Amino acid sequence: MVYSNPIIHKNLMYWTNRAAGYSDVNKTELSSDRRYVWKDFLHTHIQTHFPNQSPFQIKVLDIGTGPGFFSFLLAEAGFSVTAIDLTPAMLNEARSNAGPLADRILFLEMNAQELDFPDQSFDVVISRNLTWNLPDPERAYQEWTRVLKKGGILLNFDANWYHYLFDESARNAYEADRINTKAAGIKDGNIGDNFDVMEEIAANVPLSRIQRPQWDVTCLSKFGMNVKSDRFVWKQLWSPEEKMNFSSTPLFMVLGCK
Numbered sequence: 002m003v004y005s006n007p008i009i010h011k012n013l014m015y016w017t018n019r020a021a022g023y024s025d026v027n028k029t030e031l032s033s034d035r036r037y038v039w040k041d042f043l044h045t046h047i048q049t050h051f052p053n054q055s056p057f058q059i060k061v062l063d064i065g066t067g068p069g070f071f072s073f074l075l076a077e078a079g080f081s082v083t084a085i086d087l088t089p090a091m092l093n094e095a096r097s098n099a100g101p102l103a104d105r106i107l108f109l110e111m112n113a114q115e116l117d118f119p120d121q122s123f124d125v126v127i128s129r130n131l132t133w134n135l136p137d138p139e140r141a142y143q144e145w146t147r148v149l150k151k152g153g154i155l156l157n158f159d160a161n162w163y164h165y166l167f168d169e170s171a172r173n174a175y176e177a178d179r180i181n182t183k184a185a186g187i188k189d190g191n192i193g194d195n196f197d198v199m200e201e202i203a204a205n206v207p208l209s210r211i212q213r214p215q216w217d218v219t220c221l222s223k224f225g226m227n228v229k230s231d232r233f234v235w236k237q238l239w240s241p242e243e244k245m246n247f248s249s250t251p252l253f254m255v256l257g258c259k
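The sequence shown begins at 2 in our numbering and counts up by one.
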């Protein structure tokens, strides 16, 4: 598929080239205790919201699935999962990684800002590490809200990943992470092939300049969502290595109910 928006096109090219390497990152995560930490967290939040429904009755849309991390965990837990991604190479990795779960997940190529689903199609919309690099995140949130059923929930996990490009104190904290990670002998998750390309993309998307998640709360509230955020969810979900790597950009959760 060809996209006229230059940022979407650059994202597509970058993540196509990154698909195999990013898949390896997810495989490592799935082979660690993070698999069970995330799975328990997601299952608890979703099932608590729908106490009278079995998982197979709950339709979940995983937006920006990448190599499929969330989709696998949710399918394992019994939920009905549809997973979308802009990048065909990522979807190929996800299908391969899914193994016996592949038949229980519907994988579709789709733009997160232009969803090809009818209104109120899903009980849960979920995403991780996607909104920060969208050219029009407000439009994306409007679409995600549109396809969510009345009474459904949105769970978005993200961080101020490239805010250091525009803020000196954030830059200093980011550089300190690099020093501390190296000193601890931990693999640096911010160093890799074509990292300069990702910084170029990040410099041209709106959310790199904004301190979140307050923006997300305000934005989703405009679309009639009851929204709250958790700035400390990283303490529950991240491994010690992640906490060392990304202490300057802690993971937050945005939780919205329609």
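Note that beta-carbon positions come from the ideal geometry of N, C-alpha and C, so glycine has one too. Computed from a prediction, not measured in an experiment: that's the story for all the values here.
From PHE158, ASN18, PHE108, residue whose alpha carbon lies closest to that of PHE42: PHE158
Looking only at its chain, what residues have a beta carbon closer than 7 Å to the beta carbon of ILE106, apart from the 5 residues adjacent to it on each side? SER72, ALA76, VAL82, ALA84, ALA99
Cutoff 6 Å; reference LYS183; Cβ partners in own chain excluding five residues on either side: none
DSSP three-state assignment for MET226, whether helix, strand or coil: coil
Thinking C-alpha only, which one of MET111, ASP117, SER249, SER128 is nearest ASP168? SER249
State buried or exposed for LYS229, treating a residue as buried only when at least 16 other CB atoms are found within 10 Å of its CB. exposed
Cβ contact check for the stretch 56–73 and the stretch 19–35: 3 or more pairs under 8 Å: yes
Burial state of GLY153 (16 or more Cβ within 10 Å): buried
For LEU87, the three-state DSSP class (helix, strand or coil): coil
Any contact of the stretch 237–252 with the stretch 140–150, i.e. 3+ C-beta pairs under 8 Å? no
Taking the alpha carbon of GLN58 as the reference point, which residue from ARG96, ASP124, SER33, GLN114 has its own alpha carbon closest? ASP124
Contact set for CYS258: own chain, Cβ-Cβ below 6 Å, skip 5 residues either direction: ILE154, ASN227
Run the CB neighbour count on GLN114, radius 10 Å, all protein chains shown included, and call it buried at 16 or more, exposed below. buried
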